[in-house]
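Trainee: Sharing a structure with you now.
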Amino acid sequence: MTSIQEHERKVKELQEDINEKINRSILLERQEVIGFSASELSSNLFAIFLHKKNLINLGFNMNHRFFASVKRANSVFDFEFKNKNKIIELMIKQEEFRNKLCYGKAENIEIVKKALENLNELKQEIENANH
776 MTSIQEHERK VKELQEDINE KINRSILLER QEVIGFSASE LSSNLFAIFL
826 HKKNLINLGF NMNHRFFASV KRANSVFDFE FKNKNKIIEL MIKQEEFRNK
876 LCYGKAENIE IVKKALENLN ELKQEIENAN H
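When the letters of the sequence shown are read in order and numbered with this note's numbering, they come out as residues 776 to 906.
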């Protein structure tokens, strides 16, 4: 069972990992790590949001595979919340970036940057949905 505090710890750790790669200017060299970390960070942020809104219970196991498609995401998250369509869209995009960066051929730096931009946009949407 993952508590909100555990999700928050993971968010902090994953963000620190991403920041380290940015600060060392090794985004392209560590594209797989960025793809994984950004995806996991997104999933944990979304889980925190849903927990705080009491939309999922503490036993719920968030999985990045829930965002393989709009249909899949909407079947798992079949309840309403503020900014739902935009948040789901960004989560799906993050999953697509994960697949490109973790399992595809070496990408160019622009794809890595777009993955991080998507993550930042998702953070903002979740923040906006909290108010």
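Note that the Cβ used here is the ideal one computed from N, Cα and C, for glycine as well.
(1) Tell whether a beta-carbon distance below 9 Å holds between Ser812 and His839.
(2) Within 10 angstroms of the Cβ of Ala881, are there 16 or more other Cβ atoms? Answer buried if so, exposed if not.
(3) Nearest to Glu815 by alpha carbon, out of Glu902, Glu783, Leu802?
(4) In chain order, which beta strand (DSSP E) runs of at least 3 residues are fully inside the stretch 799-862?
(5) Below 7 Å CB to CB, which residues in the same chain sit around Leu865 once its five sequence neighbours on both sides are set aside?
Mentor: With the given structure in hand:
(1) no
(2) exposed
(3) Glu783
(4) none
(5) Asn893, Glu896, Leu897, Glu900
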